[in-house]
Amino acid sequence: MIIYFTGTGNSRYCAQFLADKLQDACVDAFPMIRQGAKTDLHSETPWVFVAPTYAWQAPRIFVQFLHDTMFCGNRLAYFILTCGGETGNAHEQLAQACREKGLCDQGLLSVIMPDNYLVMFPSPKPEEVKQKIEAARPNLEMAVEKILAGQPFPAKRPGALDKLKSGPVNEGMYRFFIKPSRFFSTDACVSCGKCQEVCPLGNISLTNGRPVWSNQCTHCMACLCGCPTGAIEYGKRTQGKARYQCPPYQG
Ligand SMILES: Cc1cc2nc3c(=O)[nH]c(=O)nc-3n(C[C@H](O)[C@H](O)[C@H](O)COP(=O)(O)O)c2cc1C
Ligand code: SF4
Ligand code: SF4
721 MIIYFTGTGN SRYCAQFLAD KLQDACVDAF PMIRQGAKTD LHSETPWVFV APTYAWQAPR
781 IFVQFLHDTM FCGNRLAYFI LTCGGETGNA HEQLAQACRE KGLCDQGLLS VIMPDNYLVM
841 FPSPKPEEVK QKIEAARPNL EMAVEKILAG QPFPAKRPGA LDKLKSGPVN EGMYRFFIKP
901 SRFFSTDACV SCGKCQEVCP LGNISLTNGR PVWSNQCTHC MACLCGCPTG AIEYGKRTQG
961 KARYQCPPYQ G
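Quick note: the sequence shown uses my numbering, first residue 721, plus one each step.
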């Protein structure tokens, strides 16, 4: 079973690619994360977890989902983190989660996709999006081969810098930067409520037809990039930037 979490579609694209080639089920973790419910899942085929990289780690809400869920059946667990460039030492925490769940860790594969972190970086240009998605395919095909063969992904030895980024830098990012305080909606808002629906943390409510952000935010970019009228901004950091959504997987 392939289970994914996504903010702007990159991880869904990769999960659907894998599900298509492996002829396996593709499950969105969103409703389980949003409800915060403890769930039991069963799969006869290996578990394949696909998620974005946030500050050189798997998203904290996805790691929490792994802790909260009972995985029955097959014991093999593969991890795929989509990223803009690098995943640092993200594997260590996922390997630890496997040990706690009695799953057999088959390694982490980093798949470079367009960078969706508009709060920090420019939006990817259409040509770049196309090129990066194309370049990701051989990597995903290799993943399919390994999963079918029951072999682990190639191991990568983390360096001191990887450990620094996934450790103290990640902590600092979550503590000081990954906050919803600068989100606001402009007069382009048409009160459709989509931002409220797409937030995995249920962090957005509508008051007088306009979104209000509470304190639980993981900067997934789903509200900012999913607003149909581009009415959501993050301070001045997102002004004038095209919103990013991964094109749908088409086989
Ligand atoms: C909060 C946040 C933090 C990110 N941190 C990293 C990072 O540490 N390394 C990296 O290569 N990409 C990073 N990115 C880029 C995303 O991991 C990447 O674009 C991913 O494919 C987005 O997946 P999605 O479309 O499934 O949400 C970050 C993006 C966000 C929103
Ligand atoms: S998604 Fe955009 S238009 Fe719809 S309510 Fe939210 S801010 Fe307003
Ligand atoms: S408030 Fe927006 S950026 Fe923050 S978690 Fe919710 S959808 Fe993602």
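C-beta atoms are modelled at their ideal positions from N, C-alpha and C, and glycine is treated no differently.
First and last residue of the uninterrupted beta strand (DSSP E) at residue 862: First-last for residue 862: 846 to 869, but that is the alpha helix (DSSP H), not the beta strand (DSSP E).
What would DSSP say about residue 964, mapped onto helix, strand or coil? coil
Would residue 965 and residue 945 qualify as a contact pair, given that the criterion is a beta-carbon distance under 8 Å? yes
Is residue 865 close to chain D, meaning its C-beta is less than 8 Å from at least one C-beta of that chain? In summary, chain D is missing from the structure at hand, where a single protein chain is found.
Residue 783 and residue 939: beta carbons closer than 8 Å? no
For residue 732, does the count of other Cβ atoms within 10 angstroms reach 16, so buried, or fall short, so exposed? buried
With a 10 Å radius around its C-beta and 16 neighbouring C-beta atoms as the bar for buried, classify residue 811 as buried or exposed. buried
Where residue 953 sits in the DSSP three-state scheme: strand
State yes or no: is the C-beta of residue 776 nearer than 7 Å to some heavy atom of ligand 3? no
Within this structure, are the beta carbons of residue 933 and residue 900 separated by less than 8 Å? yes
Report yes if the C-beta distance between residue 863 and residue 738 is below 8 Å; otherwise report no. yes
Do residue 800 and residue 734 have their CB atoms nearer than 8 Å? yes
Whole-number beta carbon distance between residue 789 and residue 721, since they are thought to touch under 8 Å: So it is not a contact: roughly 11 Å between Cβ atoms.
Report yes or no: do three or more beta-carbon pairs, one from the stretch 864 to 875 and one from the stretch 811 to 829, lie closer than 8 Å? yes
So, under 8 Å CB-CB, residue 909 and residue 930 are touching, yes? Tell me the CB distance rounded to an integer number of Å. 6 Å
Using a Cβ-based criterion (distance less than 7 Å to any ligand heavy atom), does residue 940 qualify as near ligand 2? no
Skipping 5 residues on each side, what residues in its chain have a beta carbon closer than 6 Å to that of residue 836? 728, 941, 964
Using 8 Å as the threshold, is the stretch 775 to 782 in touch with the stretch 876 to 893, meaning 3 or more CB pairs across them? yes
Secondary structure of residue 739, DSSP reduced to three states: helix
Could you check what DSSP says for residue 768 in three-state terms: helix, strand or coil? strand
Please go through the same chain and pick out, in chain order, the residues whose beta-carbon is closer than 6 Å to the beta-carbon of residue 883, but skip the five residues on each side of it. 809
Taking 7 Å as the cut-off, is the beta-carbon of residue 767 closer than that to any non-hydrogen atom of ligand 3? no
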